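A.B. asks: Submitted below is the structure of interest, expressed as structure tokens.
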Amino acid sequence: MLDSTARKLIDPPLDRIGRGLAERGIAPDLITLAGLGLGLLAAVSVAAGHPWLALLPLLASRLADGLDGAVARASQATDFGGYLDITADYLFYGAIPLAFVIADPATNAISGAFLLTSFYVNGASFLGYAILAEKRGLETSAQGKKSLYFSNGILEGTETIVFFVLICAIPSIFAPAAWIFGLLCFATATLRVMAARRIFSARKD
19 MLDSTARKLI DPPLDRIGRG LAERGIAPDL ITLAGLGLGL LAAVSVAAGH PWLALLPLLA
79 SRLADGLDGA VARASQATDF GGYLDITADY LFYGAIPLAF VIADPATNAI SGAFLLTSFY
139 VNGASFLGYA ILAEKRGLET SAQGKKSLYF SNGILEGTET IVFFVLICAI PSIFAPAAWI
199 FGLLCFATAT LRVMAARRIF SARKD
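Here it is in structure tokens:
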């Protein structure tokens, strides 16, 4: 819901930095992998019982997630780069809730499993929509220039980052926050399926 607004604010500085990195020959895929490594380091910190220490690598990983696209736009974007980026994103998104479950299974296991299930369903609705949109030749730039069709929703990347920062800053709220965020993920997926039914039910001539 907030991605389009956030993009208007962060894309100009990211593009400036991205052009500088591209001029130095830094590959966008390398930045994607570095961002994933930082995100997984954040998950390890959470799992080890140090969620506050996870905040810096978590935020750095999301900075890298924005920079890889900026570098790709300033050099040469590839389909594989977009594929690698979305795969890394989903691994990161799953690793943080899993880390909270590992850190305190007695308190967080059920809510964490619910949250991960909602991520799975929401991700499937997002990627399925992107496939059909590509098949129909639909395009959007509401969330910036992307390799995939990014359908909007109640929860998007910006909300997920804010959620992760909150639960790392206040780990005691993970269980109730996971139930709420998971329900909103299911709502996002449901609305996306309804939109897909409206747009994609007609036969393509």
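Residues in the sequence shown are numbered from 19 upward in steps of one, following the working numbering. Beta carbons: idealized from backbone N, C-alpha and C, even for Gly. Model, not experiment: these values are computed from the prediction.
Give the DSSP-derived three-state secondary structure of residue 157 in the structure shown.
C.D. replies: In the sequence shown, counting from the first residue as 1, residue 157 sits at position 139. Residue 157 falls in the coil class under three-state DSSP.
A.B. asks: Where does residue 63 sit, in a helix, a strand or coil, going by DSSP?
C.D. replies: Residue numbering aside, residue 63 sits at position 45 when the sequence shown is read from its first letter. It is helical.
A.B. asks: Assuming residue 207 and residue 143 form a contact by the criterion Cβ under 8 angstroms, report the distance between their Cβ atoms to the nearest whole angstrom.
C.D. replies: Position 189 of the sequence shown, counting from 1, holds the residue named residue 207. Position 125 of the sequence shown, counting from 1, holds the residue named residue 143. The pair is a contact, with the Cβ atoms about 4 angstroms apart (cut-off 8 angstroms).
A.B. asks: Using the three-state DSSP reduction, which class does residue 43 fall into: helix, strand or coil?
C.D. replies: Counted from its first residue, the sequence shown places residue 43 at position 25. Reduced to three states, the DSSP call for residue 43 is coil.
A.B. asks: Output needed for residue 46: all residues of its chain with C-beta closer than 6 angstroms, excluding positions within five of it in sequence on either side, in chain order.
C.D. replies: Taking the first residue of the sequence shown as 1, we reach residue 46 at position 28. Within the same chain, 86, 89, 90, 99 come within 6 angstroms of residue 46 by CB-CB distance, once the 5 residues on both sides are set aside.
A.B. asks: On the CB-based measure, 16 or more other CB atoms within 10 Å of its CB, does residue 177 come out buried or exposed?
C.D. replies: Numbered from 1 along the sequence shown, position 159 holds the residue referred to as residue 177. Per the 10 Å Cβ criterion, buried.
A.B. asks: Could you tell me if residue 190 is buried or exposed, where buried requires 16 or more neighbouring beta carbons within 10 angstroms of its beta carbon?
C.D. replies: Taking the sequence shown and counting its residues from 1, the one referred to as residue 190 is at position 172. With a threshold of 16 other beta carbon atoms within 10 Å, residue 190 falls short and is exposed.
A.B. asks: For residue 97, does the three-state DSSP call read helix, strand or coil?
C.D. replies: The residue you call residue 97 lines up with position 79 of the sequence shown. Note: residue 97 maps to helix in three-state DSSP.
A.B. asks: Quick one, are the C-beta atoms of residue 136 and residue 203 less than 9 angstroms apart?
C.D. replies: In the sequence shown, the residue the question calls residue 136 occupies position 118. In the sequence shown, the residue the question calls residue 203 occupies position 185. Yes.
A.B. asks: Determine the burial state of residue 198: buried for a count of at least 16 other Cβ atoms within 10 Å of its Cβ, exposed for fewer.
C.D. replies: By one-based count along the sequence shown, residue 198 stands at place 180. By the neighbour-count rule (16 or more Cβ atoms within 10 Å), residue 198 is not buried but exposed.
A.B. asks: Report the three-state DSSP secondary structure of residue 172 (helix, strand or coil).
C.D. replies: The residue given as residue 172 occupies position 154 in the sequence shown. Here residue 172 sits in coil by DSSP.
A.B. asks: Would the region 60-68 and the region 29-48 be scored as touching if the rule is three or more Cβ pairs under 8 angstroms?
C.D. replies: no
A.B. asks: Residues in its own chain within less than 8 angstroms of residue 73 by CB, not counting five upstream and five downstream?
C.D. replies: Against the sequence shown, residue 73 aligns to sequence position 55. Excluding sequence neighbours, residue 73 sits near 60, 183, 186, 187.
A.B. asks: Residue 18 to residue 51, Cα distance in whole Å?
C.D. replies: This structure does not reach residue 18, given that the chain is present from 19 up to 223, and the question cannot be answered.
A.B. asks: Which of the three DSSP states is assigned to residue 122 in this structure?
C.D. replies: As a first step, residue 122 must be located in the sequence shown, where it is residue number 104. Taken through DSSP and simplified to helix, strand or coil, residue 122 comes out as coil.
A.B. asks: Relative to the C-alpha of residue 55, which residue among 210, 81, 97 is closest?
C.D. replies: To locate residue 55, count along the sequence shown from 1; it is residue 37. It is 81.
A.B. asks: Classify residue 219: buried if its beta carbon has 16 or more other beta carbons within 10 angstroms, exposed otherwise.
C.D. replies: Position 201 of the sequence shown, counted from the start, is the residue given in the question as residue 219. Label assigned to residue 219: exposed.
A.B. asks: Among residues of its own chain, excluding the 5 on either side of residue 302, which ones have a beta-carbon nearer than 7 angstroms to its beta-carbon?
C.D. replies: Outside the displayed span of the chain (19 to 223) sits residue 302, for which this structure offers no information.
A.B. asks: Use the C-beta contact count for residue 157: other C-beta atoms within 10 angstroms, 16 or more gives buried, fewer gives exposed.
C.D. replies: Translated into positions along the sequence shown, residue 157 becomes position 139. Answer is exposed; the Cβ neighbour count stays below 16.
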